[in-house]
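The block underneath contains the structure these notes are about, expressed in structure tokens.
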Amino acid sequence: MKLLAIETSCDETAIAVLEAEGNTHNARFKVLGNALLSQIDIHKEYGGVYPMLAKREHAKNLVPILSSALKDAGMLMEEANNADHIREELTTLLEREPGLGEALMAFLSQTAVPDIDAVVVTHGPGLEPALWVGVNFAKALSIAWGKPLVGANHMEGHLLSALAASEGDAYVIEDAALPVVGLLISGGHTQIVAMREWFTYELMGDTRDDAVGEAFDKVARMLDLPYPGGPQVSKLAEEARAGNILHPQPLPRPMIGEGTCDFSFSGLKTAVMYQLKKMEGLSDTQKQAIAREFEDAVADVLFAKTARALAQTHGKTLVIGGGVSGNVHIRRVFEMRIKAEHPDVMLRIPARELTTDNAVMIGMSGYFRYLRGMRADTETLRADGNLSLA
Ligand code: KG4
Ligand code: ZN
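Numbering (this note's numbering), first residue to last: 555 to 944.
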């Protein structure tokens, strides 16, 4: 079947067209079209993502991104269409998304209904105003095209895309041994979930304060690095490793010895702040050294808690998903230590292009939901910023 998937939970406006087939033993997702616009340059100025600004940008970008994803998939057919009978309904549906209703009506009146079987949209978790734009847009498309609507979970998308292996222009999910343990690390989440049966999730651990990506972004700000800070901190830390530069004062590994799979990163961030305050001036070398020590502390804690969850669940497959899973050092630590300390566990890390937010992973979540009969209703589907997996 063919799916059109929409993602607007944070600062990426993304739409993908996928051809999906198979089941959990062997599923194949061919990417027919994929368009993504990152708002990073807009949010950079403010040092973080502003929900209302993100919402406005999504509203502005959704129709061009839709057009580009359909074109990519060879599904953008010009055709004069009288869309007047749904004008009122769509205008009401999109009345809170400035400019989107008019842009969509213009698009619909010039294009043929694409050959897809369902519209999938992220309805949580994420920034609620941003999520709503995508949800309302998906409802409008579902109504205008007469296609079923499916609501997808953003975190499930991160988890499934980490399970998938890249094969040419497709991604394949094959023979993942259960239980699967998922370490989901992003700007908004730091969670360990266990999946003992397909799509039944158990929350093993969560952050008590900041998410790990948020901690990276805050430390980056203290080091005068631009948003998003994760990749910048990582770059400095790698330079320190290459140059054998060590930080003289260790940073804490919060909650590492505690008997839970929970995390806390706010104390680590504060420890960085105190150490920086004590230093007079900050040389490039000192910046590199503290970035390295911070990243080491994060990797140590993430690994220790994940190892605990693997032991508790007898996990056979470990997946790491979310924006922070793109971190070179964290990937390296997990690859080395899983091999050495948990040789029976299969580690799966997403293809690099799927680590940060994208619509391909939303299509994956939506496909399996569709197979399980989970259709959403255009009247009742709601954006939920705190939507949970478990
Ligand atoms: O999953 P994602 O794209 O968006 C959310 O759903 O939050 O994750 C974005 C987060 C940001 O905090 C960013 O700084 C962090 O992931 N990040 C990284 C790296 N790449 C992105 N953190 C550490 N190292 C990286 N290489
Ligand atoms: Zn994400």
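Backbone N, C-alpha and C fix where the C-beta goes; we use that ideal spot for every residue, glycine too.
Computed from a predicted model, the values in this text were never measured in an experiment.
Item, Value
"On the three-state DSSP scale, how would you describe I903?", "coil"
"Return helix, strand or coil for S592, following the three-state DSSP convention.", "strand"
"Compute every distance between the C-beta of D911 and the non-hydrogen atoms of ligand 2, then say whether any falls below 6 Å.", "yes"
"Does DSSP put M749 in a helix, a strand or coil?", "strand"
"Quick one: residues in its chain with C-beta nearer than 6 Å to the C-beta of I844, no 5 flanking neighbours on either side, listed in chain order?", "H801"
"Between the region 593 to 613 and the region 700 to 717, can you find at least three pairs of beta-carbon atoms closer than 8 Å?", "no"
"Do A657 and A913 count as a contact pair if the criterion is CB distance below 7 Å?", "no"
"Could you say which of S696, L662, V704 and T665 lies nearest to G678 if we only look at CA atoms?", "V704"
"By the three-class DSSP mapping on this structure, what secondary structure does T934 have?", "coil"
"Is C815 a contact residue of ligand 1, with contact defined as CB to any heavy atom under 6 Å?", "no"
"Where are the beta strand (DSSP E) runs, 3 residues long or more, that stay fully inside the region 715 to 744, in chain order?", "719 to 721, 724 to 728 and 734 to 739"
"Which residue's Cα is closest to the Cα of K823: E768, G835 and M833?", "E768"
"Would you list the residues sitting across from Y755 in a DSSP beta bridge?", "M749"
"Flag G501 as yes when its Cβ comes closer than 6 Å to any non-hydrogen atom of ligand 1, and as no otherwise.", "Only positions 555 to 944 of the chain appear in this structure, which leaves residue 501 out of reach."
"With DSSP as the reference, please indicate the residues paired to T867 in a beta bridge.", "Bridge partners of T867: none, in fact."
"Which ranges would you report for the alpha helix (DSSP H) in the region 566 to 618 if only whole runs of at least 4 residues count?", "594 to 598"
"Identify which residue in L941, D911 and A944 has its Cα closest to the Cα of I739.", "D911"
"Below 8 Å, can you find three or more Cβ-Cβ pairs linking the region 886 to 900 to the region 924 to 936?", "no"
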